[in-house]
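Working notes, beginning with the structure itself.
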Amino acid sequence: MDNLRENEYDRDVVISTCVHLTRNLNGIPFPARMSRSDRLNVVQRAKEAVKENKALAHILRYIDMEGLSKTEAVSLVERHLVSADFISDCSGRGVFITDDESISIMVNEEDHIHIRVYLWDHDLENAYQKADILDDIFNRSLHFAFHKDLGYLTQDPILLGTGMRASLILHLPALHESGGITRLSSNLSKLGLSLSGIFGAGEGPKGAVYQLSNQVTFGLSEQEAIANLKSIATQLVHQERGLWEELVEKPEIQDAVSRSFALLQSAKMMGYEEFLQLASNVRFGISTGLIEDVNSDQLNRLMIAMQPATLTLRSGRKLTQNERRILRADQIRKILKK
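The following block contains the structure:
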C-alpha cells in the first residue's frame with residue numbers, strides 16, 4: 001500500500017475537530033425558565049466579559065439572533081456555529097464569532113454560555129486548550145456555577161461534570177460500505193462514545209461522514225475524555241485504512257472515483273446530497289493516490305459552503321432550487337479547476 005499516505009490521515013480521514021463547553025451563571029435560572037429580562041441580563045454580562053478582555057474584544061464580533069433573517073440563521077447552523085435548537089427561538093439570544101469561524105460562543109442556548117472551538121485538523125488537545133482558555137476568561141467575569149461533587153451545573157443532567165463534548169468528524173467510506181458502522185456504533189456506545197452520521201436521515205448518512213464524540217462527562221477529567229476519544233479515533237482510522245488496499249484495486253471503485261471527479265469538474269447542475277456522495281468518492285481517491293490534483297481541504301470546505309442556506313447567503317440574493325443547483329455546480333467547477 002505504498003500509495004497510501006499514512007501521514008496525511010488527519011486530512012483524509014479526520015476532517016475536523018470540535019470541542020464544546022457548556023456553562024451557567026450562578027443565581028440565574030436555566031434558559032428554559034428564564035424571562036426575557038433574565039436573557040438580556042446574561043447577554044449584557046457576556047458582552048461586558050468580552051469587552052473587559054482586549055484580546056477577546058479584538059477577535060470576537062457579536063451577532064444578535066433577533067436581527068437575522070431565516071436564511072442567515074440557518075446558515076449559522078450549516079456552518080456549525082450554532083445549534084438547530086438555538087435558532088428555533090431567537091428571543092434574547094446572541095452569538096460571538098471569530099472572523100475565521102473557528103470559535104463561536106452561544107449565549108442563552110440550552111445553557112447560558114456555550115463555547116465551541118472548531119478546527120480543520122485532528123488536534124483535539126489544541127481545540128480543548130483554546131476552549132479552556134476561553135472558559136477561564138469568561139469564568140473570571142461571570143463566575144460559572146460549580147459544585148464540588150457534581151462539577152459544572154448544567155440544564156441537561158447528562159452534561160454534569162465537565163460539561164464538555166468533544167468530537168471528531170470522520171470520513172469512513174470503507175467502513176460505511178462494508179456495513180460495519182452499525183456494529184461499531186453499538187460497541188462504542190458501551191464505552192461512552194457515540195458514532196453517528198451528520199448528513200442525511202432516514203435513508204442513512206450521505207457521503208460516509210460521521211461524528212465520533214464522547215457521551216460521558218461525569219467522573220472523569222476533560223483530559224481523560226480527550227485521551228479516550230483520541231485513542232478510539234486512532235483505532236477507527238486504522239480500521240478504515242485497513243480496508244483500503246483491497247478496495248483500491250477494484251476496477252468498479254476506480255471507475256466510481258474517476259466518474260465522480262469528472263462529474264464534479266463538468267456538471268452544470270448539482271444537488272447537495274449528490275455533491276456529498278461524489279465528494280466522498282473523490283476524497284477516497286485522494287486518500288489512496290488515485291487522484292493527485294486535488295487536496296481534501298478543498299472538499300472539506302466545499303462541504304460547508306455548498307449547503308443551501310450558506311450558498312444562498314453568499315450569493316447575495318434569493319435563489320430558487322434550480323438556481324442553487326446551477327450556482328453550486330459552477331462554484332465546484334471553479335474550485336476544482338484551480
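Quick note on the UniProt record's numbering: the sequence shown kicks off at 1 and runs consecutively.
Where a beta carbon is used, it is the ideal one built from N, C-alpha and C, also for glycine.
For residue 84, three-class secondary structure by DSSP
Residue numbering aside, residue 84 sits at position 84 when the sequence shown is read from its first letter. The answer is coil: DSSP assigns residue 84 none of H, G, I, E or B.
Would DSSP call residue 330 helix, strand or coil?
For this step, residue 330 is matched to residue 330 along the sequence shown. The answer is helix: DSSP assigns residue 330 an H, G or I state.
Mind checking residue 158: buried by the 16 CB within 10 Å criterion, or exposed?
Stepping through the sequence shown from its first residue, residue 158 is reached at position 158. Per the 10 Å Cβ criterion, exposed.
If you draw a straight line from the alpha carbon of residue 293 to that of residue 285, how long is it in whole angstroms?
For the purposes of this step, residue 293 is taken as the residue at position 293 of the sequence shown. For the purposes of this step, residue 285 is taken as the residue at position 285 of the sequence shown. Answer to the nearest angstrom: the Cα atoms are 11 Å apart.
What residues are listed by DSSP as bridge partners for residue 34?
Here the question's residue 34 lines up with position 34 in the sequence shown. Paired residue(s): none; residue 34 is not in a bridge.
What runs of the beta strand (DSSP E), each 3 residues or longer, lie entirely inside the segment 90 to 130?
94 to 98, 103 to 107, 113 to 119
Beta bridge counterpart(s) of residue 166 as assigned by DSSP
In the sequence shown, the residue the question calls residue 166 occupies position 166. BP columns for residue 166 point to 19.
Close-in-space but distant-in-sequence residues of the same chain around residue 149 (CB under 6 Å, 5 per side omitted):
Against the sequence shown, residue 149 aligns to sequence position 149. None.
Quick check on the burial criterion: 16 or more other C-beta atoms within 10 angstroms. Buried or exposed for residue 337?
Looking up residue 337 in the sequence shown gives position 337. Residue 337 is exposed by the Cβ-count criterion.
Residue environment, residue 85, which counts as buried when at least 16 other CB atoms sit within 10 Å:
In the sequence shown, the residue the question calls residue 85 occupies position 85. Exposed.
From residue 332 to residue 220, what does the alpha carbon distance come to, in whole angstroms?
Residue numbering aside, residue 332 sits at position 332 when the sequence shown is read from its first letter. Residue numbering aside, residue 220 sits at position 220 when the sequence shown is read from its first letter. Their Cα atoms are separated by approximately 44 Å.
Three-pair Cβ contact test at 8 Å for the segment 53 to 68 versus the segment 87 to 107:
yes
According to DSSP, residues forming a beta bridge with residue 272:
Locating residue 272 in the sequence shown gives position 272, counting from the first residue. According to DSSP, which records beta bridges pairwise, residue 272 is partnered with nothing at all.
Taking the CB atoms as reference points, tell me whether residue 259 and residue 20 lie closer together than 8 Å.
On the sequence shown, residue 259 is found 259 positions in, with the first residue counted as 1. On the sequence shown, residue 20 is found 20 positions in, with the first residue counted as 1. Contact flag unset, no.
Please determine, among 78, 329, 168, 40, the residue with the shortest C-alpha to C-alpha distance to residue 261.
Here residue 261 corresponds to residue number 261 of the sequence shown, with the count starting at 1. Closest by alpha carbon: 329.
Looking only at DSSP bridge pairs, what is residue 64 linked to?
For the purposes of this step, residue 64 is taken as the residue at position 64 of the sequence shown. DSSP lists 94 as partners of residue 64.
Assign residue 334 to buried or exposed, taking buried as 16 or more other Cβ atoms, counted over all protein chains shown, within 10 Å of its Cβ.
For the purposes of this step, residue 334 is taken as residue 334 along the sequence shown, with counting starting at 1. It is exposed - the Cβ of residue 334 has fewer than 16 other Cβ atoms within 10 Å.
For residue 242, does the three-state DSSP call read helix, strand or coil?
Locating residue 242 in the sequence shown gives position 242, counting from the first residue. Residue state, collapsed to three classes: helix.
The beta strand (DSSP E) with residue 194 in it runs from where to where?
Numbered from 1 along the sequence shown, position 194 holds the residue referred to as residue 194. Per DSSP, residue 194 belongs to the beta strand (DSSP E) from 193 to 197.
Cβ contact (3+ pairs, closer than 8 Å) linking the segment 302 to 321 and the segment 66 to 85
yes
Given residue 107 as reference, the closest of 24, 223, 280, 196 once Cα atoms are compared:
Here the question's residue 107 lines up with position 107 in the sequence shown. Ranking 24, 223, 280, 196 by Cα distance to residue 107 puts 24 first.
Relative to the C-alpha of residue 245, which residue among 265, 214, 290 is closest?
Numbered from 1 along the sequence shown, position 245 holds the residue referred to as residue 245. Comparing Cα positions, the closest option is 290.
Closer than 6 Å by C-beta to residue 340: which residues in its own chain qualify, once you throw out the five before and the five after it? Chain order, please.
Nothing can be reported for residue 340, as the shown portion of the chain is limited to 1 through 338.
What's the C-alpha gap between residue 339 and residue 181?
Because the chain here runs from 1 to 338, residue 339 falls outside it and cannot be looked at.
Count the other C-beta atoms from every protein chain shown that fall within 10 angstroms of the C-beta of residue 114, then say buried if there are 16 or more, exposed otherwise.
For this step, residue 114 is matched to residue 114 along the sequence shown. Buried, since its Cβ has 16 or more Cβ neighbours within 10 Å.
How would you write the range of the beta strand (DSSP E) that residue 211 sits in, first residue to last?
By 1-based counting over the sequence shown, the position of residue 211 is 211. That run of the beta strand (DSSP E) goes 209 to 214.
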